Each structure stands twice: as structure tokens, then as C-alpha cells.
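This report refers to the structure that appears directly beneath it.
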Amino acid sequence: MISASQSDSYALGPRKRKAEDLDAGAMFTAVLNRLRQHRRFAAIEQDDWEDAASEILLHAELPESAFPPKPFTDALAFYNDLFHKNTGDILVAEDSEPLPGADHSDHSPGNRYDEAAAALRENTLWKSVKEHVVMENETSCRTAIDLVLLTAMELAQQQIAESSDVDDALCARHSLEEFKSNSLHSDVREVRSWVVLHQELDIPNQELLPGMFLHGIFDYLLGVVPARKVRNVSKLAPTFLTWSAMYGFPELVQYIGQISASVAEAKARKTMSGKKAWAQVTAQGAALCVLTKRLSVINTLTDGVRWRFVRVTKTPDGLPPSQLSDMPSASSAPRRRTSNRLAEKVPARPTVAETKPFEAAQTRNFDIFHARDLAIILRLLELAILSSPEEFVKQAVAL
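Residue numbering for the sequence shown follows our numbering, starting at 3 and increasing by one per position.
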């Protein structure tokens, strides 16, 4: 498809063009003018000129995109084309009032999240990271991220084991296969959903706007898979979980619907609050919306110490590209008549100014070395794994 320039910063240097310069009408007129300038076509009637121009465009091999795909790390250049501004914040209940029975000291946990946070702070690995790792760059921050994520995953798995409703909801949400109970143990409920962690997953090009393709690597993806798959792999001991052993091949993208949430890693602590990090985490969320065909997703930005939760949501303008290509555009009306066959091949597309397909909302930054914040981080990560993005926002403010 021929597509429009998304913004000046997204255009190819001096070759900046307006959106209407790339539509079907503009191409038709350009070809028609070239025909008129050619001596061999001087005697052709006006209507024949237009038919000839239509036929030339109809049989031409048109490029899929006017611009090359871009990685998530370049998202700042076209962030304003994708997102509405000032879309609000996600409030968290613990910021307004403490949980019942909770004490702000590290030694008096009042609920399961406080208890998990206290246990994590007493963990030998936690102490080693705190006392020996210089937390300044991408590699070093992963030591803290891994500890926090694995603790939250254990909390989520415990919830699944304790609640059949949670287990059933996850199976339905992620389209996990039906579980057939063992007749020898029919009185024992067997867990059907299992939480897994994927790292460094390369996401292929996703079209966020007509002609705008983004791709790149997700640092962490939290998913829910059939527990039976995990049990089957564990029988192959000694081994760790591998996607190929679970599904026979390593193409996780084919099972992307089983992803619950994602975590983006800030490259260094000083960049955590920068515009570039914000653009990247929201662009990743938008790509995950498109890839999973969901209305919204939860992404998390962290430098290992600070954590911020972000909900990315499709707006009414965030329609699939197939629907966008059929929408009329005032700026893309042909200057002269074109054949119906040409219009079908090169459909009119809306300009950038007419659409803002996504919006994003965020929590404040939480710090793992603040006793209260660590418990909040664990609770929100568990919510991101077990709940839909819509439920995440509602439950984040509820005790």
C-alpha cells in the first residue's frame, strides 16, 4: 500500500511530503501529466489519457510502505502521531490509605504483599545485589528486576492454586486447552494455568498507523500457559523450561495471545523519566495491542529500582489497518476521475492529523527500597498477570 508521511521527523530528510501527495489521486494526476508531456500521446483524447493513466497505475507494483520500519527505540520521533496527550494517571489505593492491619515498618507485615516484600528483603540474593552490584546500567539492573518479577510470579501462581475462579478465568482469557481431570483423583483440583517468563522476545513489524511499522525486542513478557505443558517438560529433568519442549517449536509469536503483561527495561537509571523511555514503553504497548488484537495492555517501565505501570489503550480511531484503508479522507479525493479497479488497489487513507489511535495512562514511580512501595509493586505485577487491563485499573484503586 502507498502510505502517508507520519510526521516531519518521520519523513526521509529533505524529501518531506504531505499526506495527500501519496494518495491515489495524486499518483493518477502525476502519471497523467507525464503522458501529456510525451509526444507519442499528443493525439490521444482526454478520456483516453485518463484510462491509460489508470491502467499504468493498476498494473504497477506499488511499495508496501513509503518508509522503512522503525524500532521501538525510535518511537520518540513519532510519539505525537500515535498518542493523545494528557490521558491521565492510574491511582493506587495504598497511596491514599494503608491496608488494614499493615505497618509501615519492615518487620510488621500486615498482608500477603507486605509479607512477600519482607521475605524478599531478607532473601540472600536480594542482600547480595544490594550490597555488591553497582546499579547503573542495563545489565546490572536486571539482577534486581529478576528478583522482583519472580517473587510476583510466585504470588500469582499461589493465587491460581488457591482459587479455581482465577484459574478458570485465566484459561478462558488466554484460550488455554480444556483440562480433563484424572478419574483416580477426581476429588483433587489440579491447576490448569501456569505463569511463565519470556525474555528478549523479538516482535516482528506491527502496523500502528497506515504505513508506520514498528518492531523490536521486548525485554520481559509475562505469560500464562497450560500447566500440563510445564509438567510435561519438568518430567524431562534435568532441564529448564523451553518453548520448543513445551510446544514442539520455538515460535512464541504464534502463542502471543497467552501473554498477560510486559516489562520494558530502561537502559540506565538516569533515563527512567526521560521522554525517550516513555515513548518506547508506550509504543511497545501499542504494538502489543495490535499483535494480540486486544483493546488495551499493561506495560511496565523499570530501571530495576524504580517501577512505573502503564496502560496503553486503543482509541475509537485505533481501528485495524484494513478498516482504516476503507475510511474516506477529504484530503485524498482524486483530482480527476480514476477507475474503480485503481481505487481498489490504492485506497484512500486518512492523514495523520485525523487519527490518534492510542492513549496511555500511568502510575507514579515506585521504589523497591521503600518498604511500602515494594509491596505495591508486587501487588500490581500480580494484578497485571492475573487480570485483564480493564480489571487492572479498577483493582489498582480498590482494597
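Ideal placement from N, C-alpha and C gives every residue a C-beta, glycine not left out. None of the values given here were measured: they were computed from a predicted structure.
Assigned secondary structure, residue i (DSSP; H/G/I helix, E/B strand, else coil)
i	result
Ile261	strand
Asp305	coil
Ser130	helix
Pro212	coil
Arg381	helix
Ile92	coil
Lys366	Checking the sequence, you will find Arg at residue 366 rather than Lys. Of the three classes helix, strand and coil, the one that applies to Arg366 here is coil, per DSSP.
Asn113	coil
Asn82	helix
Leu224	strand
Leu388	helix
Thr244	coil
Asn125	coil
Ala268	coil
Met329	Low confidence applies to Met329: its pLDDT is 36, below 50, so where it sits in the model is not reliable, and the reading given next is rough at best. Three-state result, Met329: coil.
Glu253	coil
Residue i burial status per 10 Å Cβ neighbour count (16 or more: buried)
i	result
Ala77	buried
Arg191	exposed
Gln407	Look at the range of the chain in this structure, 3 to 401, and you will see that residue 407 is not part of it.
Gly218	buried
Cys173	buried
Leu14	Model confidence at Leu14 stands at a pLDDT of 34, short of 50, so the residue's coordinates are unreliable and nothing is read from them.
Arg381	buried
Gly90	exposed
Close beta carbons around residue i, own chain, < 8 Å, minus the five adjacent residues each side
i	result
Ala146	Val131, Val135, Met137, Gly306, Val307, Ile370
Neighbourhood of residue i by C-beta distance below 7 Å, restricted to the same chain and skipping five residues each side
i	result
Glu124	none
Asp189	Reliability fails at Asp189, whose pLDDT of 49 lies under 50, so the model's placement of it is uncertain and the value that follows must be treated cautiously. Counting only Cβ-Cβ distances below 7 Å, and skipping sequence neighbours, we find nothing.
Asp204	Ile219
Val193	Ile162, Ala163, Asp169, Ala229
Ser177	Gly259
Cβ shell of residue i (< 6 Å), same chain only, five flanking positions each side left out
i	result
Tyr81	Ala281
CB-CB length for residue i against residue j, believed under 8 Å
i	j	result
Ser402	Val226	Lying before the first or after the last residue shown, residue 402 is absent from the chain, which here runs from 3 to 401.
Leu383	Leu210	Actually they are not in contact, since the Cβ atoms of Leu383 and Leu210 sit about 26 Å apart, beyond 8 Å.
Asp169	Gln201	Not quite, the Cβ-Cβ distance comes to about 25 Å (not below 8 Å), so this is no contact.
Phe85	Phe394	Not really, about 19 Å apart at Cβ, beyond 8 Å.
Ala118	Leu157	6 Å
CB of residue i within 7 Å of CB of residue j, strictly
i	j	result
Val94	Ala377	no
Ala362	Thr284	yes
Met248	Lys237	no
Val314	Gly276	no
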